[in-house]
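Visitor: Quick one: the structure is below, questions incoming.
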Amino acid sequence: TTHKERYQIEQATIAIGSGGLTGKGFSNGTQNTLQFLPESRTDFIFAVICEEWGFAGALSLLLLYLLLFLRTIFLIPAITEPHAQLLAIGLLLHIILSALINIGMVLGLLPIVGIPLPLLSYGLSNLLISFGSLGWIQGIYMQQ
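Residue numbers for the sequence shown follow my numbering, so the first one is 43 and each next one is one higher.
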């Protein structure tokens, strides 16, 4: 890993660890506000959430992603067209795997690859793709 990647992981680890159980409060995180954490609005937004909302906030976010995954996975068997099922599975996996890769990257378990956290990272492209994918899955389900 490069020096820049090590620095990002170190700062993310400091942010995650300093959040504690309940966090420092909204916009009270030092790593983010003092700009120690690079890419805090995009690739490392999970570290900011951990610092400001603590373990409880991080766990809540993970539970929301799990709820999204389970709710969508239970819709898929109701889709009768096999190609539509595969499309829905692919769209869902794109969102969930992107979230898992981003969180693993922030925790230092995976290499830094620059994947944004779906539905949360700053940037219109990622948001449009995520919402478009969820809307497409819902549209496939509604057509049945």
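By construction, the Cβ of each residue, glycine as well, lies at the ideal position given by its N, Cα and C atoms. All of these numbers come straight from a predicted model, not from anything done at the bench.
Rounded to whole angstroms, what is the Cα-Cα separation between Leu110 and Ile56?
Guide: Leu110 and Ile56: Cα-Cα distance of roughly 29 angstroms.
Visitor: What residue from Ala130, Leu162, Thr44 has the CA that sits closest to Asn144's CA?
Guide: Answer by Cα proximity: Leu162.
Visitor: Counting only runs that start and end within the segment 84-124, where is the alpha helix (DSSP H) found for 4 or more residues in a row?
Guide: Within the segment 84-124, the complete alpha helix (DSSP H) runs of at least 4 residues are 87-117.
Visitor: Tell me, to the nearest whole angstrom, how far the beta carbon of Thr64 is from that of Gly96; I am working on the premise that it is less than 8 angstroms.
Guide: 4 angstroms between Cβ atoms; contact.
Visitor: Look at the alpha carbon of Gln53 and the alpha carbon of Gln185, and state the distance between them as a whole number of angstroms.
Guide: If you take the alpha carbons of Gln53 and Gln185, they lie about 47 angstroms apart.
Visitor: How long is the line joining the alpha carbons of Gln77 and Ala141, rounded to whole angstroms?
Guide: If I take the Cα positions, the gap works out to 23 angstroms.
Visitor: On the DSSP letters alone, give me the boundaries of the alpha helix (DSSP H) that Tyr183 sits inside.
Guide: Start and end: 166-185.
Visitor: Can you list, in chain order, the residues of its chain with a C-beta nearer than 7 angstroms to that of Leu129? Leave out the 5 residues immediately preceding and following it.
Guide: These residues qualify, in order along the chain: Ile182.
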